[in-house]
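In the working numbering, the protein residues as written are 6 to 242.
Structure, rendered in structure tokens:
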């Protein structure tokens, strides 16, 4: 065809121009050959910055031969290409959502399976240093993540669960409220998580097996129970 219509090119600015709107982009127009040896008719260069100001009636000149750093072609004109449609759709980043008021909700589930080792032994993942100078693996992870997230949660009420352990007189459970209140498993802030966790180590017997399904389903149910709207958005961790 002497006036072909080309398919839409779609992608992120990172994919197309390495996140540089002024980066020169080269378009080649070729004559199709069934053998695969397509013949170059001409080429044109432009940038995303330039395309922002172009209209459907603004042509890109096709030339033979390469272009210099300024985009000037050395060869003669071989035709024109028209940009029928161009748009850039902003994609908000996660930080944009946070700045816009999105609340981060922190849900914690602690592993009480026997593979952690007895809490009284120093090599246990649940061992509590009596000097208070060193946090165990769980307390360290909770502190590192929780102290960041609680800043973006207005009520700082965090659901806290355990799995794989046995409460006194009960069989092993794969999702239980660590504060003993299944109807209100929330504790206040990161400090509330840590104090409740330390207290539970005196009551909960390590058991097993390791099953994540129940706590994942519970977290999903909590997330689903929150209404989401343009003015009220929640993100669950």
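For glycine and all other residues, C-beta sits at the position ideal for the given N, C-alpha and C.
Here the structure is a predicted model, which means the values were calculated and not measured.
Straight through space, the alpha carbons of residue 20 and residue 10 are spaced by roughly 23 Å. Between the segment 160-169 and the segment 180-189, the count of Cβ pairs shorter than 8 Å is three or higher; the stretches touch. Per the Cβ contact rule, the segment 150-159 is in contact with the segment 105-112 (3 or more Cβ pairs under 8 Å). Between residue 31 and residue 60, the gap from beta carbon to beta carbon reaches 8 Å or more. In this structure, residue 240 lies near residue 107, with their beta-carbon atoms less than 8 Å apart. Going by C-alpha positions, residue 170 is about 14 Å away from residue 203. Looking only at 140, 115 and 116, the smallest Cα-Cα distance to residue 127 is reached by 140.
Counting other Cβ atoms within 10 Å of its Cβ, residue 33 stays below 16 and is therefore classed as exposed.
DSSP places residue 163 in the uninterrupted beta strand (DSSP E) bounded by 162-168.
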